[in-house]
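J.: The structure follows.
Protein chains: 2
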Amino acid sequence: MELFYSQDIQNDIVVFSAEESKHMIKVLRHNIHDNINVVDGRGSLFHCSIIDANPHSVRAQINSSQPNWNKRSYNLTMAVAPTKNNDRFENFVEKACEIGVDTIVPVISQHSQRRVYKRERAEKIALSAMKQSLKASLPVVTDAVDFNDFISKYKDTSAIKLIAHCMDSDKHSIVELLRDNKQDSYIILIGPEGDFNEKELNLALDAGFKPVHLGTSRLRTETAAILAVTSVYLANID
Amino acid sequence: MELFYSQDIQNDIVVFSAEESKHMIKVLRHNIHDNINVVDGRGSLFHCSIIDANPHSVRAQINSSQPNWNKRSYNLTMAVAPTKNNDRFENFVEKACEIGVDTIVPVISQHSQRRVYKRERAEKIALSAMKQSLKASLPVVTDAVDFNDFISKYKDTSAIKLIAHCMDSDKHSIVELLRDNKQDSYIILIGPEGDFNEKELNLALDAGFKPVHLGTSRLRTETAAILAVTSVYLANID
């Protein structure tokens, strides 16, 4: 199964971007009257037929639609410190979007190795991973957010909030916490290589984040983040 | 904590390779009498002091040793079809070694996108990930193995054997199977993008492999393999 993407949908007609049109016509050799599957990044799948095979701006007619297509049973926000090596953060973005995530927030804390984050490339990776993994919802990658602002913003949410840190303290494993706290909404904070500082950790704990450990392996930031996404996915598998 | 690696250990003296010596002396600026931690890739950690800071061939004296250092409670063999894009397979190797794996076997099946596999680069990645994730055992990356030969070799093992495939059939989730089959040894087969063929699947089932699904997301080969490694890790977390 092959998915195309567009948010430009009016009166049962889908119009595709120049990039998507070129890929559809020039690379995949689609033509007028071909049936294609389209997702809008907002949860719906559309079965369409191409009515204009212009390689700069394909148009297709919607024949039928499926809202909430392949919808997950939970919502996951991952707040992760951008890694020094940007490829590693982007690797997390790809894997997280394939496995299942709704929002990715690059969080800047005191020990962050990267303080500026350009989200354009990550957004492209998210789009490609959405199509690859047959999902209809496009994960959001936000601009970089200061740690304190992030905590304030999510202070009053009812979601399960977890913070993975390396300081010595009383922590449960992420497996145990996810098993004992079934929820449909999760927020997970993953710190930079140098960990959160004590003030940041206390701020998160005060805001209701539960401290978790990810087992005994010392993991890179992006590996810890992929593991956290996988933990939520596996805890909700049928 | 920072780990160095050597298998050249005789009479309480560790000798380091030219590459490791250069890194230790020229990059990390270690000098004679410095205390360093060394792993042998066979499970032991050694606390040592540098007695010769020759940047081409450092020598260190072992002061104390810890066998079975950070030892996992299980043994995991991952048999994975090499991906067309080699970076993706190497990404799996890195993540698997960080999280926890003992043996990685590139398996060539009918639909494999890559039929030749050079293991040298993967071995370097495994070594680096072992040190990064504070382990003393070096995961083995084997040469590429034909699917039929792989199945024959592991026919009579007592390990839990799982095969993740995409064909319609009666399958349990990997979470359920790992929960119901506690074991200290696992072998997991992950197929190529085009999946195993029916003959291969039947051969594996006849040899005692249990079919599993990895949830509803359609995952790339290397993502499925990372997810399988993570599933075993999480099923054995304290």
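Top line first, the protein sequences correspond to chains V and H.
All residue numbers for the first sequence refer to our numbering, where the first residue is 1 and numbers rise by one.
All residue numbers for the second sequence refer to our numbering, where the first residue is 1 and numbers rise by one.
Each residue gets a CB set at the ideal place from its N, CA and C atoms; glycine is no exception.
Please report how far the alpha carbon of Gln61(H) lies from the alpha carbon of Ile226(H), in whole angstroms.
T.: Your numbering for residue 61(H) matches position 61 in the second sequence. Your numbering for residue 226(H) matches position 226 in the second sequence. Between Gln61(H) and Ile226(H), the C-alpha separation is close to 38 Å.
J.: If you run the structure through DSSP and keep just helix, strand and coil, what is Gln110(H)?
T.: Along the second sequence, one-based indexing puts residue 110(H) at 110. Of the three classes helix, strand and coil, the one that applies to Gln110(H) here is coil, per DSSP.
J.: Would you mind giving the Cβ-Cβ distance between Ala79(V) and Val107(V), rounded to the nearest angstrom? I have them listed as a contact below 8 Å.
T.: As a first step, residue 79(V) must be located in the first sequence, where it is residue number 79. As a first step, residue 107(V) must be located in the first sequence, where it is residue number 107. So it is a contact: roughly 4 Å between Cβ atoms.
J.: Between His172(V) and Asp195(V), which are expected to be in contact by the criterion C-beta below 8 Å, what is the C-beta distance as a whole number of angstroms?
T.: In the first sequence, residue 172(V) corresponds to position 172, counting from 1. In the first sequence, residue 195(V) corresponds to position 195, counting from 1. With 8 Å as the limit, His172(V) and Asp195(V) do not qualify as a contact, their Cβ atoms being about 18 Å apart.
J.: At 3 residues or longer, and completely inside the region 36-63 of chain V: list those beta strand (DSSP E) runs for me, N to C.
T.: Correct list: 45-52.
J.: So is Asp40(H) buried or exposed if we call it buried at 16+ other beta carbons inside 10 Å?
T.: Position 40 of the second sequence, counted from the start, is the residue given in the question as residue 40(H). Buried: at least 16 other Cβ atoms inside 10 Å.
J.: Closer than 9 Å, Cβ to Cβ, to anything on chain H: give me those residues from the region 153-174 of chain V, in chain order.
T.: Per Cβ criterion, the list reads Ser173 and Ile174.
J.: Which residue comes first and which comes last in the beta strand (DSSP E) that contains Tyr186(V)?
T.: Along the first sequence, read from residue 1 onward, the residue named residue 186(V) stands at position 186. Ser185 to Ile190 is the extent of the beta strand (DSSP E) around Tyr186(V).
J.: Output, in sequence order along the chain, the residues in the region 79-107 of chain V whose CB is closer than 7 Å to any CB in chain H.
T.: The region 79-107 of chain V vs chain H, Cβ under 7 Å: Asn91, Lys95, Glu98, Ile99 and Gly100.
J.: Does Val27(H) pass the burial test, meaning 16 or more other C-beta atoms within 10 Å, or should it be called exposed?
T.: As a working note, residue 27(H) is residue 27 in the second sequence. Exposed, by the Cβ-count rule.
J.: Can you name, in chain order, every residue of its own chain whose Cβ lies under 6 Å from the Cβ of Phe16(V), other than the five neighbours on each side?
T.: In the first sequence, the residue the question calls residue 16(V) occupies position 16. The answer, listed in chain order, is Ser6 and Val58.
J.: Taking DSSP as the reference, what is the three-state secondary structure of Leu28(H)?
T.: Within the second sequence, residue 28(H) is the residue found at index 28, counting from 1. Three-state result, Leu28(H): coil.
J.: Taking C-beta to C-beta, are Ile187(V) and Tyr233(V) nearer than 8 Å?
T.: For the purposes of this step, residue 187(V) is taken as the residue at position 187 of the first sequence. For the purposes of this step, residue 233(V) is taken as the residue at position 233 of the first sequence. The answer is no: Cβ separation not under 8 Å.
J.: What separation, rounded to the nearest whole angstrom, lies between the Cα atoms of Val101(H) and Ser133(V)?
T.: Here residue 101(H) refers to the residue found at position 101 of the second sequence. Here residue 133(V) refers to the residue found at position 133 of the first sequence. Distance between the alpha carbons of Val101(H) and Ser133(V) is about 25 Å.
J.: Report all residues from its chain with a CB closer than 7 Å to the CB of Gln66(H); omit the five preceding and five following residues, and keep chain order.
T.: The count along the second sequence starts at 1 and reaches residue 66(H) at position 66. Closer than 7 Å at the Cβ level, and outside the excluded window around Gln66(H), lie Ser44 and Leu45.
J.: Just curious, the beta strand (DSSP E) that Asp8(V) is in, first and last residue?
T.: Taking the first sequence and counting its residues from 1, the one referred to as residue 8(V) is at position 8. Run containing Asp8(V): Asp8 to Gln10, per the beta strand (DSSP E) assignment.
J.: Give me the chain H residues within the contact set of Ile226(V), using Cβ-Cβ distance strictly less than 8 Å, ordered along the chain.
T.: By one-based count along the first sequence, residue 226(V) stands at place 226. Ordered by position in chain H, the residues that pass the 8 Å Cβ test against Ile226(V) are Lys95, Ile226 and Thr230.
J.: Please return the same chain residues whose Cβ sits closer than 6 Å to the Cβ of Val105(H), not counting the five positions on each side in sequence.
T.: Locating residue 105(H) in the second sequence gives position 105, counting from the first residue. Excluding sequence neighbours, Val105(H) sits near Ala79, Thr142 and Val145.
J.: Checking contacts by CB at 8 Å: is Thr223(H) closer than that to chain V?
T.: Mapped onto the second sequence, residue 223(H) falls at position 223. With 8 Å as the cut-off, Thr223(H) counts as an interface residue toward chain V.
J.: Within 8 Å of any Cβ in chain V, is that where the Cβ of Asn70(H) sits?
T.: By 1-based counting over the second sequence, the position of residue 70(H) is 70. True, the Cβ-Cβ gap to chain V drops below 8 Å.
J.: Excluding five sequence neighbours on each side, which residues of the same chain lie with their C-beta closer than 8 Å to the C-beta of Thr230(V)?
T.: Reading the first sequence from its first residue, position 230 is the one you call residue 230(V). Closer than 8 Å at the Cβ level, and outside the excluded window around Thr230(V), lie Ile99.
J.: Taking 8 Å as the cut-off, does the region 208-221 of chain H touch the region 80-93 of chain H (at least 3 CB pairs, one atom from each stretch)?
T.: Because the criterion of three Cβ pairs below 8 Å is met, the region 80-93 of chain H and the region 208-221 of chain H touch.
J.: Can you tell me which residues form a DSSP beta bridge with Ser137(V)?
T.: Reading the first sequence from its first residue, position 137 is the one you call residue 137(V). Gly41(V) and Arg42(V).
J.: List, in order along the chain, the chain H residues whose C-beta lies closer than 7 Å to that of Thr241(V)?
T.: What is shown of chain V runs 1 to 238, which leaves residue 241(V) out entirely.
J.: Report the neighbours of Leu177(V) on chain H: residues whose CB is nearer than 7 Å to its CB, in chain order.
T.: By one-based count along the first sequence, residue 177(V) stands at place 177. Those do not exist, as Leu177(V) stays about 11 Å from chain H at its closest Cβ, beyond 7 Å.
J.: Check whether the Cβ atoms of Leu76(H) and Ile151(H) lie closer than 8 Å to each other.
T.: Counting from one through the second sequence, the residue named residue 76(H) turns up at place 76. Counting from one through the second sequence, the residue named residue 151(H) turns up at place 151. No, the Cβ-Cβ distance between Leu76(H) and Ile151(H) is not below 8 Å.
J.: Who does Val15(V) pair with in a DSSP beta bridge?
T.: The count along the first sequence starts at 1 and reaches residue 15(V) at position 15. DSSP, once it has assigned bridges, lists Asp8(V) and Arg59(V) as partnering Val15(V).
J.: Check each candidate in Ile25(H), His23(H), Leu177(H) and Ile50(H) and name the one with the smallest Cα separation from Ile32(H).
T.: Within the second sequence, numbered from 1, the residue matching residue 32(H) stands at position 32. Checked all of Ile25(H), His23(H), Leu177(H) and Ile50(H); the closest Cα to Ile32(H) is Ile50(H).
J.: If distances are taken between C-alpha atoms only, which option among Phe4(H), Pro211(H) and Leu205(H) comes closest to His23(H)?
T.: As a position in the second sequence, residue 23(H) is number 23, starting the count at 1. Comparing Cα-Cα distances from His23(H) to each of Phe4(H), Pro211(H) and Leu205(H), the minimum goes to Phe4(H).
J.: Going by the beta-carbon positions, is the gap between Ser254(V) and Tyr74(V) smaller than 8 Å?
T.: Nothing about residue 254(V) can be read from this structure; chain V reaches only from 1 to 238.
J.: Of all the options Asp52(V), Asp170(V), Gly191(V) and Lys95(V), which has the alpha carbon lying nearest to the alpha carbon of Lys131(V)?
T.: As a working note, residue 131(V) is residue 131 in the first sequence. Among Asp52(V), Asp170(V), Gly191(V) and Lys95(V), the Cα nearest to that of Lys131(V) belongs to Lys95(V).
J.: Is His23(H) helix, strand or coil when you go by DSSP?
T.: Working through the second sequence from its first residue, we reach residue 23(H) at position 23. In the structure shown, His23(H) sits in a helix (DSSP, three-state: H, G or I).
J.: With a 10 Å radius around its C-beta and 16 neighbouring C-beta atoms as the bar for buried, classify Ser64(V) as buried or exposed.
T.: As a position in the first sequence, residue 64(V) is number 64, starting the count at 1. Burial call: exposed.
J.: Could you name the residues of the region 124-157 of chain H whose beta carbon sits closer than 8 Å to any beta carbon of chain V, in the order they occur along the chain?
T.: The region 124-157 of chain H vs chain V, Cβ under 8 Å: Gln132, Ser133, Leu134 and Lys135.
J.: Give every residue of the same chain whose Cβ lies closer than 7 Å to the Cβ of Arg114(V), excluding the five residues on either side of it in the sequence, and list them in chain order.
T.: Walking along the first sequence from the start, residue 114(V) turns up at place 114. Hits under 7 Å: Pro82, Thr83 and Lys84.
J.: With distances taken from CA atoms, which of Glu20(H), Cys48(H) and Glu19(H) is nearest Asn11(H)?
T.: Translated into the one-based positions of the second sequence, residue 11(H) becomes position 11. Checked all of Glu20(H), Cys48(H) and Glu19(H); the closest Cα to Asn11(H) is Cys48(H).
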